[in-house]
Amino acid sequence: MVFAPDTEVALRTVVNLVNSAANGREELGSVADLDAFLAAEGFSGGRTRDAAELESVRQLRAVLSAVWTADEDAAVETVNKVLRDARALPQLMKHDGWDWHLHATAPEAPLADRMGTEAAMALADVIRSKEMDRLRTCESEDCNAAVLDLSRNRSRRYCDTGNCANRAHVAAYRARQAAAG
């Protein structure tokens, strides 16, 4: 394990949030889409379920996506700003079947603040551990999706948003076949 389990879950949620706008797609086009995203990610707490909440999550997505291509200093600046803006105050919590883990906002805080704080705390662990190279962009030529590499040997190259790895492997196979024949 590279990070604590709650950190890995938060990082996967960040990747899924960032990738909800990858390659020109918009997977958070409506409040219903946001509802489905949050349900899939197991995100709980208070909600307003309105257009303003949806827009605040989209803005957070843009802020967090910049971390994937940022250097360490810029990533620190982003993480600190997200935590400051949410007035984060870390505390141990236990809920929804999770054992003790950190939360830094109240369950009734605005959704984007709660999501941003969880993301920022997870990204802080990445930065403190000197593991920024685990945050990558898909190596497929026609994909700009975020990749979170939690593999032991740091070998993850492609995203989960499409068929990027399969297409790359098929292309390499065909190239080998063409070269051999």
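Per this note's numbering, residue 3 is the first one in the sequence shown, and the count goes up by one each step.
Ideal Cβ positions, reconstructed from N, Cα and C, are used throughout, including at glycine.
Beta-carbon proximity list for residue i, same chain, < 7 Å, skipping 5 on both sides
i      : result
ASN21  : ALA147, ALA148, CYS161 and THR163
GLY186 : Examination of residue 186 is not possible in this model, given that the chain is present from 3 through 183 alone.
Proximity winner among the options, relative to residue i (alpha-carbon distances)
i      : options                         : result
ALA111 : ALA170, LEU62, CYS166 and THR50 : THR50
SER157 : CYS145, ASN165 and CYS140       : CYS140
VAL81  : GLU43, GLU120 and ALA34         : GLU120
ASN25  : SER67, THR15 and LEU36          : SER67
VAL17  : GLN179, LEU150 and ARG169       : LEU150
HIS108 : SER58, GLY99 and PRO92          : With the sequence shown as reference, residue 108 is identified as Ala, and His is not the correct amino acid for it. For ALA108, the nearest C-alpha among the options comes from PRO92.
GLU55  : GLY44, ARG154, ALA34 and GLY183 : ALA34
ALA114 : TRP102, ARG89 and ALA180        : ARG89
LEU94  : ASP87, TRP100 and HIS105        : HIS105
ARG14  : SER142, LYS83 and ARG138        : ARG138
ASN155 : ASN168, CYS166 and ARG136       : ARG136
Own chain partners of residue i with C-beta closer than 6 Å, once the 5 adjacent residues on each side are dropped
i      : result
ASP127 : PHE5 and THR9
PRO7   : none
LEU19  : ARG63
Per DSSP, cross-strand counterpart(s) of residue i
i      : result
LEU104 : LEU94
ALA148 : THR139
Presumed contact (8 Å Cβ cut-off) between residue i and residue j, rounded CB distance
i      : j      : result
MET134 : GLU74  : 6 Å
LEU30  : ARG60  : 6 Å
ASP101 : SER46  : With a Cβ gap of about 15 Å, ASP101 and SER46 do not count as contacting.
SER142 : ALA170 : 6 Å
VAL78  : ILE129 : 6 Å
Exposed unless 16 or more other CB atoms sit within 10 angstroms - verdict on residue i
i      : result
ARG63  : buried
SER188 : This structure does not reach residue 188, given that the chain is present from 3 up to 183, and the question cannot be answered.
THR71  : exposed
LEU125 : buried
VAL172 : exposed
ALA181 : exposed
ARG116 : buried
ALA12  : buried
Neighbourhood of residue i by C-beta, 8 Å cutoff - its chain only, sequence neighbours within 5 removed
i      : result
ASP144 : ASN25
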